[in-house]
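Engineer:
Numbering (the working numbering), first residue to last: 278 to 879.
1) Report back the beta-carbon spacing between residue 372 and residue 335 to the nearest angstrom; my notes put them in contact at under 8 Å.
2) First and last residue of the alpha helix (DSSP H) that includes residue 868?
3) From residue 349 to residue 358, what does the alpha carbon distance come to, in whole angstroms?
4) Can a CB atom of chain C be found closer than 9 Å to the CB of residue 849?
5) What runs of the alpha helix (DSSP H), each 4 residues or longer, lie entirely inside the segment 769–829?
6) Per DSSP, residue 354 is paired with what?
7) Is residue 754 helix, strand or coil by DSSP?
8) In chain order, what residues of the same chain have a beta carbon less than 7 Å from the beta carbon of residue 479, not counting five sequence neighbours either side?
9) By Cβ distance below 7 Å, which residues in the same chain neighbour residue 809 in space, the five residues on each side in sequence not counted?
10) Going along the chain, which residues of its own chain have a beta-carbon closer than 8 Å to the beta-carbon of residue 576, five neighbours each way excluded?
11) Could you give the uninterrupted runs of the alpha helix (DSSP H) lying entirely in the segment 450–534, keeping only those of 4 residues or more?
12) Per DSSP, which one or two residues make a beta bridge with residue 859?
13) Buried or exposed: where does residue 659 fall if 16 or more other Cβ atoms within 10 Å of its Cβ makes it buried?
14) Tell me which residue opens and which closes the alpha helix (DSSP H) that residue 401 is part of.
15) Can the beta-carbon of residue 644 be found less than 9 Å from the beta-carbon of residue 491?
16) Taking residue 662 as the reference, which of 687, 510 and 619 has the closest Cα?
17) Which whole-angstrom value is the C-beta distance of residue 873 and residue 857, which I expect to be below 8 Å?
18) Could you spell out the range, first to last residue, of the alpha helix (DSSP H) harbouring residue 552?
19) Three-state secondary structure (DSSP) at residue 305?
20) Just to confirm, is the Cβ distance from residue 521 to residue 558 under 9 Å?
21) When you compare only the Cα positions, how much space is there between residue 706 and residue 651?
22) With DSSP run on the structure shown, which of helix, strand or coil describes residue 545?
23) Give the DSSP-derived three-state secondary structure of residue 703 in the structure shown.
24) Nearest-angstrom Cα distance between residue 836 and residue 745?
25) For residue 648, I'd like the list of residues in its chain whose CB is within less than 6 Å of its CB, leaving aside the five on either flank, ordered along the chain.
26) Should residue 798 go down as buried or exposed, given a rule of 16 or more other Cβ atoms within 10 Å for buried?
27) Quick check on the DSSP output: the alpha helix (DSSP H) that includes residue 606 runs from which residue to which?
28) Go ahead and pull the three-state DSSP assignment for residue 349.
29) If residue 333 sits next to residue 781, beta carbons under 8 Å apart, how far is it from one beta carbon to the other, in whole angstroms?
30) For residue 709, tell me which candidate among 831, 419, 355 and 741 has the shortest Cα-Cα distance.
31) Please report the distance separating the alpha-carbon of residue 327 from that of residue 388.
32) With residue 666 and residue 503 assumed to form a contact (beta carbons below 8 Å), what rounded beta-carbon distance in angstroms separates them?
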């Protein structure tokens with residue numbers, strides 16, 4: 278007979294339940310099957326441009342031309358050098374695995390193989406942790422092993438939007454963030470000193486990987502503070518250890534992945550001095566406040582002991598780094614925001630999914646919301662029992678859901694968190710002691726879910742915006758075309774539409790640099806490109822192209838409006854332009870390269 282401890286501390290005998298190995302195997306097996314289906318559906322290697330840029334960053338490091346602490350990517354010049362905000366923490370396992378594999382094969386092939394192997398390896402760890410968290414959330418048993426197995430499989434299926442992030446070749450940082458998020462959930466479920474250390478270390482690591490996780494970290498520590506203030510059992514120990522784990526991990530991560538220069542750099546969109554000051558300062562105030570507080574203190578006294586020094590740290594950070602008050606995207610100018618950032622799909626909300634007919638993704642998100650609603654009776658009962666860790670994890674899942682509704686970039690996070698409650702939810706509804714009344718409302722909740730989804734779908738009228746030159750500039754119409762004309766030209770800086778960026782980077786000889794890539798740090802370069810290709814003012818065009826030696830454009834099968842984008846409309850249609858000297862390609866191709874004669878440019 279296997280036994281364990283429930284989330285609220287009661288002995289949990291499991292004579293009929295799955296063992297940890299069986300449950301973890303089911304989650305991992307189902308997740309790997311989802312991943313294979315994803316690959317078979319053509320969504321495998323390098324799923325998006327983030328993966329392509331990550332591969333270029335790692336490849337540059339592996340070539341020996343880039344330093345561990347050097348964030349510059351020399352193949353982009355805006356004309357300022359492009360400095361990557363992405364953490365070496367994500368690069369490290371690919372570099373280490375590729376170094377090992379290169380003992381047995383060509384280094385380039387070893388790196389490609391590392392891209393394929395490491396994401397599924399993370400998926401296995403993610404699946405095992407997910408089952409352990411789901412098991413700890415259960416306060417009662419399911420009727421049989423078969424029932425529990427079916428519920429666990431359904432849990433894994435509902436996590437599909439998170440599982441897709443672990444597809445082979447999916448080397449962007451989101452899968453690492455998901456892994457740290459489930460580690461944080463595991464720490465919350467433990468609700469002890471060791472769990473607090475997990476929470477703090479995983480939270481610090483998730484911020485070091487990407488600031489997208491800041492709302493989750495704030496939610497977790499806010500929940501710990503509330504639990505401590507209101508006297509939840511064990512909350513003081515968890516808060517103190519989480520703060521210590523955050524402080525220690527911040528110091529280690531800064532030394533390991535930033536170096537002396539990176540630690541003091543002022544980057545509002547990446548792990549650097551502003552975040553380090555906040556993470557260390559708030560860790561000291563929250564941890565110190567937890568140590569100094571006593572059980573006899575009132576909730577108000579505890580709150581003031583934590584809040585006053587924490588507000589002082591926030592004020593100090595605002596004084597030291599005023600530029601960060603504008604947010605992480607302050608670098609994006611109005612022109613680039615209008616033509617690029619506002620059109621990026623991941624920055625839209627759920628309404629966009631419905632307006633564009635992406636009902637399957639919207640339905641998956643709504644299903645997660647339905648699970649959160651069905652959990653409410655259980656949440657109320659847990660609140661009465663004082664199960665602070667359950668409530669904290671529920672709050673974290675609810676916040677991730679709300680963020681996903683508002684912004685598609687967060688859609689992977691509730692897919693990793695909400696399904697963790699399914700076994701506990703099923704046990705609650707199937708338990709005669711707790712589920713009798715709840716089952717009566719289940720059909721009503723299902724009907725309400727369908728009604729709300731149908732209503733939202735019906736009210737979300739499709740928005741049809743005619744495609745314009747900016748849309749064409751975003752498309753990579755030259756994928757697979759012959760770019761050997763680049764070898765006939767002297768190395769220099771190339772002005773180009775966004776869509777051509779990665780095609781040219783992968784083909785251009787040493788010494789060439791491109792003006793921009795579609796990432797927010799490249800906004801200065803994108804602004805120049807929009808001014809060059811869209812402006813009707815020759816002076817604006819000449820100023821935008823002044824730092825560059827060449828213009829590259831792909832002949833596009835659809836014509837652009839010359840009144841909206843004079844230069845792009847002419848070049849994409851295959852016509853010439855005063856001051857741009859066409860370099861004849863050695864073979865038939867839609868790729869066009871022009872040398873800029875700045876004196877004659879119009």
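Ideal Cβ positions, reconstructed from N, Cα and C, are used throughout, including at glycine.
Structural biologist: Result, derived from the coordinates:
1) Taking the chain shown and counting its residues from 1, one reaches residue 372 at position 95. Taking the chain shown and counting its residues from 1, one reaches residue 335 at position 58. Contact flag correct, Cβ pair sits at about 6 Å.
2) Here residue 868 refers to the residue found at position 591 of the chain shown. Run containing residue 868: none in the alpha helix (DSSP H); it sits in the beta strand (DSSP E), 868–873.
3) The sequence position of residue 349 within the chain shown is 72, counting from 1. The sequence position of residue 358 within the chain shown is 81, counting from 1. Whole-angstrom Cα-Cα distance: 7 Å.
4) Included in the structure is just one protein chain, with no chain C present.
5) 778–784, 800–811 and 815–822
6) In the chain shown, residue 354 corresponds to position 77, counting from 1. Paired residues: 358.
7) The residue labelled residue 754 in the question sits at position 477 within the chain shown. If DSSP states are grouped into helix, strand and coil, residue 754 belongs with coil.
8) By one-based count along the chain shown, residue 479 stands at place 202. For residue 479, where only same-chain residues beyond five positions count, the Cβ hits under 7 Å are 457, 460, 461 and 464.
9) Here residue 809 refers to the residue found at position 532 of the chain shown. Only 772, 818, 821, 822 and 844 meet the Cβ criterion.
10) Numbered from its first residue, the chain shown carries residue 576 at position 299. Cβ within range, chain order: 506, 507 and 508.
11) 451–467, 470–486, 491–506 and 512–534
12) Here the question's residue 859 lines up with position 582 in the chain shown. Note: residue 859 sits in a beta bridge opposite 871.
13) Counted from its first residue, the chain shown places residue 659 at position 382. It counts as buried.
14) Counting from 1 along the chain shown, the entry for residue 401 is found at position 124. Counting along the chain, the alpha helix (DSSP H) containing residue 401 begins and ends at 384–414.
15) As a first step, residue 644 is located in the chain shown; it is residue number 367 there, counting from the start. As a first step, residue 491 is located in the chain shown; it is residue number 214 there, counting from the start. Not a contact, by the Cβ cut-off of 9 Å.
16) Here residue 662 is taken as the residue at index 385 of the chain shown, counted from 1. Nearest of 687, 510 and 619 to residue 662, Cα basis: 510.
17) Indexing the chain shown from 1 puts residue 873 at position 596. Indexing the chain shown from 1 puts residue 857 at position 580. That belief holds up - the Cβ atoms of residue 873 and residue 857 are roughly 6 Å apart, short of 8 Å.
18) For the purposes of this step, residue 552 is taken as the residue at position 275 of the chain shown. Where residue 552 is concerned, the enclosing alpha helix (DSSP H) stretches over 550–569.
19) The count along the chain shown starts at 1 and reaches residue 305 at position 28. Three-state result, residue 305: helix.
20) Along the chain shown, read from residue 1 onward, the residue named residue 521 stands at position 244. Along the chain shown, read from residue 1 onward, the residue named residue 558 stands at position 281. No.
21) Reading the chain shown from its first residue, position 429 is the one you call residue 706. Reading the chain shown from its first residue, position 374 is the one you call residue 651. Cα to Cα, residue 706 sits roughly 10 Å from residue 651.
22) By 1-based counting over the chain shown, the position of residue 545 is 268. If DSSP states are grouped into helix, strand and coil, residue 545 belongs with coil.
23) Here residue 703 refers to the residue found at position 426 of the chain shown. Helix at residue 703.
24) The residue given as residue 836 occupies position 559 in the chain shown. The residue given as residue 745 occupies position 468 in the chain shown. Whole-angstrom Cα-Cα distance: 9 Å.
25) Translated into the one-based positions of the chain shown, residue 648 becomes position 371. Hits under 6 Å: 695.
26) In the chain shown, the residue the question calls residue 798 occupies position 521. That one is buried.
27) On the chain shown, position 329 is the one that residue 606 refers to. First-last for residue 606: undefined, no H or E at that position.
28) Working through the chain shown from its first residue, we reach residue 349 at position 72. Looking at residue 349 - three-state DSSP - the assignment turns out to be strand.
29) Here residue 333 refers to the residue found at position 56 of the chain shown. Here residue 781 refers to the residue found at position 504 of the chain shown. Residue 333 to residue 781, Cβ: 12 Å. No contact.
30) Sequence index remark: in the chain shown, residue 709 carries index 432 (1-based). Selected option, being the one with the closest Cα: 419.
31) Numbered from its first residue, the chain shown carries residue 327 at position 50. Numbered from its first residue, the chain shown carries residue 388 at position 111. The alpha-carbon atoms of residue 327 and residue 388 are separated by roughly 17 Å.
32) Numbered from 1 along the chain shown, position 389 holds the residue referred to as residue 666. Numbered from 1 along the chain shown, position 226 holds the residue referred to as residue 503. Contact flag wrong, Cβ pair sits at about 12 Å.
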